[in-house]
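Numbering (the numbering used here), first residue to last: 2 to 378. Here is the structure we will look at.
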Amino acid sequence: MRAAVLEGYGEPLAIHEVDPPEPAPHGVVVEVEACGICRSDWHAWMGHGEWADDRVPLGQILGHEPAGRVREVGSRVTALEVGDRVAVPFNLGDATCPQCRNGRGNVCEDGYALGFEEAAPGAFAERVHVPGAEYNAVRLPSSVSAETVAALGCRYATAFHALAHRAGIGAGDRVAVHGCGGLGLAAVQIADALGASAIAVDVREAPLSMAADLGADETVNASEVGDVPEAVAELADGVESGSESAGNSPSGRSGPGPDGGVEVSVDALGRAETCRNSVRCLRPRGTHVQLGLTTAAERGEIALPMDAITRWDVSVLGSRGMPPTRYDELLRMIESGALDPGRLVTNRVSLEEVSDRLAAMDGYETSGVEVVTEFSG
Numbered sequence: 002m003r004a005a006v007l008e009g010y011g012e013p014l015a016i017h018e019v020d021p022p023e024p025a026p027h028g029v030v031v032e033v034e035a036c037g038i039c040r041s042d043w044h045a046w047m048g049h050g051e052w053a054d055d056r057v058p059l060g061q062i063l064g065h066e067p068a069g070r071v072r073e074v075g076s077r078v079t080a081l082e083v084g085d086r087v088a089v090p091f092n093l094g095d096a097t098c099p100q101c102r103n104g105r106g107n108v109c110e111d112g113y114a115l116g117f118e119e120a121a122p123g124a125f126a127e128r129v130h131v132p133g134a135e136y137n138a139v140r141l142p143s144s145v146s147a148e149t150v151a152a153l154g155c156r157y158a159t160a161f162h163a164l165a166h167r168a169g170i171g172a173g174d175r176v177a178v179h180g181c182g183g184l185g186l187a188a189v190q191i192a193d194a195l196g197a198s199a200i201a202v203d204v205r206e207a208p209l210s211m212a213a214d215l216g217a218d219e220t221v222n223a224s225e226v227g228d229v230p231e232a233v234a235e236l237a238d239g240v241e242s243g244s245e246s247a248g249n250s251p252s253g254r255s256g257p258g259p260d261g262g263v264e265v266s267v268d269a270l271g272r273a274e275t276c277r278n279s280v281r282c283l284r285p286r287g288t289h290v291q292l293g294l295t296t297a298a299e300r301g302e303i304a305l306p307m308d309a310i311t312r313w314d315v316s317v318l319g320s321r322g323m324p325p326t327r328y329d330e331l332l333r334m335i336e337s338g339a340l341d342p343g344r345l346v347t348n349r350v351s352l353e354e355v356s357d358r359l360a361a362m363d364g365y366e367t368s369g370v371e372v373v374t375e376f377s378g
């Protein structure tokens, strides 16, 4: 089968003919129909993660947002059949550890990250193996396309888990989203669907326009304002720019405080600036949610205004993927039309074009979600 293989960090992926996977007794082999291209793939391609002993090894087949049809079934698998349409979460649980047994397979104690480690070759390939398939593979409704599920990928599922399960947002909440790539745009659409008011922040007009189309009530172009957290707080509280009540000091907001802001703020990019802006635009007892992974500039460490976080009873949450056992909630909302990940898809490419699309992420030149739909050449 054809697959895109990481042979050098930052170098074009090599398209090789490789041996197709065979199903383990507890696994299935899925013929990939679509696979999203994610910023996490970019991090892997760039060789990031060595600061957390999490660098993707050379020789890895990348790709972690697949959907397709079951082609082969392991000898112990009875709940899935050849021809079943499935989504494959990137966070693969072993189904036996305490986390998996309690419905938290996204943080399985002995799980695998699809496309990021040798034991779990990825889905920039014609076929992909899914271990623990009866736990990990999610059967799809007939009305949900493979392309939609590829957009769902890790980004949409991560944003849904973060907002619906971790932060628990609801009607009337105000949510700021910093960074409007695929992950941030997903967070905007989900926040709107859950009844919250969304404020989208980016430095580019194109993704901000897309965010508005997806449900953002307000947008902030960070390249055009002097203080992003202050601008977000003003929009959240309906305060006119320049009024005496705007900001907690003449120079703007130094951290969360009593002068308003949002209930929940998301850093969907992973830069030090966006993370700190996210925390600084919160109101008392607000919640910061970290979704974006850091770059080589931060190396996993970002300084935050901890005294203000303590003073104002602020929560800081991380969120990774989504438990396979909770995908039914998300799929029901997609079936009903309340959510539409397919609206985020802006480009469809072949396996040969993946390297160019990863390179375009260097300068944030992509928008929305790009999906591989052609694998055979």
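For each residue, glycine too, the CB sits at the ideal point set by N, CA and C.
- Write down every uninterrupted run of the beta strand (DSSP E) in the stretch 131–194 whose length is 3 residues or greater and which is fully enclosed by it, in chain order. 175–179
- Query: Below 8 Å between beta carbons: does that hold for T296 and G271?
  - Reply: In contact: T296 and G271 (Cβ atoms closer than 8 Å).
- Same chain, Cβ closer than 8 Å to E8, neighbours up to 5 away in sequence not counted: Sequence-distant partners of E8 (beyond 5 residues in either direction) whose C-beta falls short of 8 Å from its own C-beta, in its chain, are L14, A15, L59, G60.
- Item | Proximal residues to H130 (C-beta, below 6 Å), its chain only, five neighbours per side dropped | Leaving aside the five residues that flank H130 on each side, the residues in its chain whose CB is nearer than 6 Å to its CB run, in chain order, P22, G28, V30.
- Alpha carbon of A138 to alpha carbon of G183, nearest angstrom: 23 Å
- Could you name each continuous alpha helix (DSSP H) segment of 4 residues or more that falls completely within the stretch 192–221, going from the start of the chain to the end? 206–214
- Item | Whole-angstrom distance between A197 and D85, CA atom to CA atom | 35 Å
- Query: With which residues is I38 paired in a DSSP beta bridge?
  - Reply: E371
- Task: Please classify T288: does DSSP put it in a helix, a strand, or coil?
- Result: strand
- Query: Are at least three pairs of beta-carbons, each pair with one atom in the stretch 61–75 and one in the stretch 107–125, less than 8 Å apart?
  - Reply: yes
- Could you work out which residue in V317, S316, L331 is closest to M323 when comparing CA atoms only? Of V317, S316, L331, the residue nearest in Cα terms is L331.
- When the distance is taken between beta carbons, is S41 closer than 8 Å to L294? yes
- Spatial neighbours of V204 in its chain, beta-carbon cut-off 7 Å, leaving aside the 5 residues before and after: N222, A223, S224
- Enumerate in chain order the residues of its own chain whose CB-to-CB distance from G369 is below 7 Å, with the five nearest sequence positions on each side excluded. Same-chain partners within the cutoff: G183, L186, M211, L345, V346, T347.
- Message: Quick check on the DSSP output: the alpha helix (DSSP H) that includes S356 runs from which residue to which?
- Response: 355–361
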